[in-house]
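Below is one structure, written out as structure tokens, with a few remarks after it.
There are 2 protein chains.
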Amino acid sequence: MDTLSNPILRVLEDYKAAVLAKDLEAFVALYDQDVQVFDMWGVWVYRGIAAWREMAASWFSSLGSERVIVEFNSPHSIVTQDLAVIHVFVTFTAVTAEGVVLRSLDNRLTMTLKQRSGEWKVVHEHTSSPIDFDTTKAIFKR
Amino acid sequence: MDTLSNPILRVLEDYKAAVLAKDLEAFVALYDQDVQVFDMWGVWVYRGIAAWREMAASWFSSLGSERVIVEFNSPHSIVTQDLAVIHVFVTFTAVTAEGVVLRSLDNRLTMTLKQRSGEWKVVHEHTSSPIDFDTTKAIFKR
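Taken in order, these protein sequences are the chains called A and B. Quick note on numbering: the first sequence equals residues 1 to 142 in this note's numbering. Quick note on numbering: the second sequence equals residues 143 to 284 in this note's numbering.
Below, the structure is given as structure tokens:
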């Protein structure tokens with residue numbers, strides 16, 4: 001597959017910055033109005049930006065003084081004129097206000113992006129960890 | 143998003159037929175040599191057709207005389223010249239040789255397809271169910 005191209009790289013960098021800052025508006029701005037998200041936690045599907053904004057607001061407010069550092073690894077992207085797809089591994093690391101690591105979680109992430117009026121927006125996101133019914137420890141690094 | 147278009151529809155139909163027939167060659171033929179799969183079960187990532195073929199061979203042989211009926215619901219696809227993406231809900235229903243329903247499982251599926259030499263092949267697939275740590279019952283319909 002193609003190497004990581006700039007429009008997608010920018011979206012990933014903006015995602016990291018928005019999560020670290022717990023900046024709801026910056027986070028929501030990455031997504032299309034009609035985004036559909038298959039998220040790892042609890043909910044079957046988030047349909048539309050209002051539902052996804054509510055998830056992000058709840059996530060950020062649940063963190064209190066903690067912050068979340070996002071790292072992306074092994075991205076594979078395909079970019080065409082107005083459509084781009086990427087799949088990548090993501091590590092979410094929660095740290096205290098002082099920077100002490102509390103916990104870390106690995107995810108698999110697939111995103112579809114469309115270009116509209118020169119801007120790339122996420123129209124679909126799918127995150128998961130594989131399920132192991134014997135133990136759920138494989139889901140967590142620590 | 144666009145309605146379901148023919149090349150993707152064909153791949154989904156071929157997927158259903160291959161699984162119902164437990165036809166390993168037909169199943170593997172849907173995928174690109176360099177396919178990367180984020181599958182729901184156990185394995186972090188399948189890289190390349192050999193690893194994915196091994197998964198399918200193991201799956202089909204584990205069924206014995208059972209068969210698996212695949213149903214797709216609420217597909218959303220975007221098709222451009224040589225790149226297509228789809229996300230859709232999938233129900234896998236295992237039945238006995240006599241057609242008696244044994245169990246049923248709902249998945250969320252995202253696929254990326256590329257056209258090469260006039261043929262569409264799956265280059266990336268991501269399947270999951272949302273995780274509920276209190277109970278895992280939400281994963282199963284029955």
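Cβ coordinates follow ideal geometry from the N, Cα and C atoms, glycine included.
Indicate the three-state DSSP secondary structure (helix, strand or coil) for residue 85 of chain A in the structure shown. As a position in the first sequence, residue 85 of chain A is number 85, starting the count at 1. Here residue 85 of chain A sits in strand by DSSP.
Taking only beta-carbon positions, decide if residue 128 of chain A is within less than 8 Å of chain B. Translated into positions along the first sequence, residue 128 of chain A becomes position 128. Yes - at least one Cβ of chain B is within 8 Å of the one on residue 128 of chain A.
Taking any Cβ of chain A, which residues in the region 176–188 of chain B have a Cβ under 8 Å from it, in chain order? So the list reads 176, 178, 180, 181, 182, 183, 184, 185, 186, 187, given in the order they occur along the chain.
Using a C-beta cutoff of 8 Å, does residue 19 of chain A count as contacting chain B? As a first step, residue 19 of chain A must be located in the first sequence, where it is residue number 19. Contact with chain B is absent for residue 19 of chain A, since none of that chain's Cβ atoms lies less than 8 Å from the residue's Cβ.
If we define contact as Cβ-Cβ less than 8 Å, is residue 211 of chain B a contact residue for chain A? The sequence position of residue 211 of chain B within the second sequence is 69, counting from 1. Answer no: the Cβ-Cβ gap between residue 211 of chain B and chain A never drops below 8 Å.
Just to confirm my understanding: we take residue 137 of chain A, look at its own chain, exclude 5 residues before and 5 after, and list those with CB closer than 8 Å. What are they? Position 137 of the first sequence, counting from 1, holds the residue named residue 137 of chain A. Reliability of the predicted coordinates at residue 137 of chain A is poor, the pLDDT of 41 falling under 50, and the value obtained from them is presented with this limitation in mind. Cβ contact annotation for residue 137 of chain A (same chain, cutoff 8 Å, sequence separation greater than five): none.
Whose Cβ in chain B lies nearer than 8 Å to the Cβ of residue 85 of chain A? On the first sequence, residue 85 of chain A is found 85 positions in, with the first residue counted as 1. Per Cβ cutoff of 8 Å: 225, 227, 254, 266.
Beta-carbon proximity of residue 198 of chain B to residue 231 of chain B, cut-off 8 Å: Counting from one through the second sequence, the residue named residue 198 of chain B turns up at place 56. Counting from one through the second sequence, the residue named residue 231 of chain B turns up at place 89. No, they are not a contact pair.
I'd like the span of the beta strand (DSSP E) that includes residue 104 of chain A, first residue to last. Here the question's residue 104 of chain A lines up with position 104 in the first sequence. Residue 104 of chain A -> beta strand (DSSP E) spans 101–116.
Quick check: is the beta carbon of residue 116 of chain A nearer than 8 Å to any beta carbon in chain B? Indexing the first sequence from 1 puts residue 116 of chain A at position 116. Not one beta carbon of chain B lies nearer than 8 Å to the beta carbon of residue 116 of chain A.
Under three-state DSSP, which class holds residue 263 of chain B? If you number the second sequence from 1, residue 263 of chain B lands on position 121. Looking at residue 263 of chain B - three-state DSSP - the assignment turns out to be strand.
So, does the region 15–25 of chain A touch the region 60–75 of chain A, judging by three or more C-beta pairs under 8 Å? Proximity of the region 15–25 of chain A to the region 60–75 of chain A meets the contact definition, three or more beta-carbon pairs being nearer than 8 Å.
DSSP state of residue 43 of chain A mapped onto helix, strand, coil: On the first sequence, residue 43 of chain A is found 43 positions in, with the first residue counted as 1. Coil at residue 43 of chain A, not helix or strand.
Whether residue 128 of chain A touches residue 268 of chain B by CB criterion (8 Å): Here residue 128 of chain A corresponds to residue number 128 of the first sequence, with the count starting at 1. Here residue 268 of chain B corresponds to residue number 126 of the second sequence, with the count starting at 1. Cβ distance < 8 Å, so residue 128 of chain A and residue 268 of chain B count as in contact.
Which partner residues does residue 191 of chain B have in the DSSP bridge list? What you label residue 191 of chain B is simply residue 49 of the second sequence in a count that begins at 1. Paired residues: none, contrary to the question.
Residue interval of the alpha helix (DSSP H) (run including residue 66 of chain A): Sequence index remark: in the first sequence, residue 66 of chain A carries index 66 (1-based). Note, residue 66 of chain A: premise wrong, no alpha helix (DSSP H); not H, not E.
Buried or exposed for residue 110 of chain A, please, with buried defined as at least 16 other CB atoms from any protein chain shown within 10 angstroms of its CB. Here the question's residue 110 of chain A lines up with position 110 in the first sequence. Classification for residue 110 of chain A: buried.
Residues near residue 207 of chain B in its chain [Cβ-Cβ closer than 6 Å; skip 5 each side]: Residue mapping note: residue 207 of chain B aligns to position 65 of the second sequence, counting from 1. When the five nearest sequence neighbours on each side are left out, the beta carbons in the same chain lying within less than 6 Å of the beta carbon of residue 207 of chain B are those of 239, in order along the chain.
At which residues does the beta strand (DSSP E) containing residue 34 of chain A begin and terminate? Position 34 of the first sequence, counted from the first residue, corresponds to residue 34 of chain A. Segment 31–38, the beta strand (DSSP E) holding residue 34 of chain A.
Pairing CB atoms from the region 216–230 of chain B with CB atoms from the region 179–196 of chain B, are three or more of them under 8 Å? Short answer: they don't touch.
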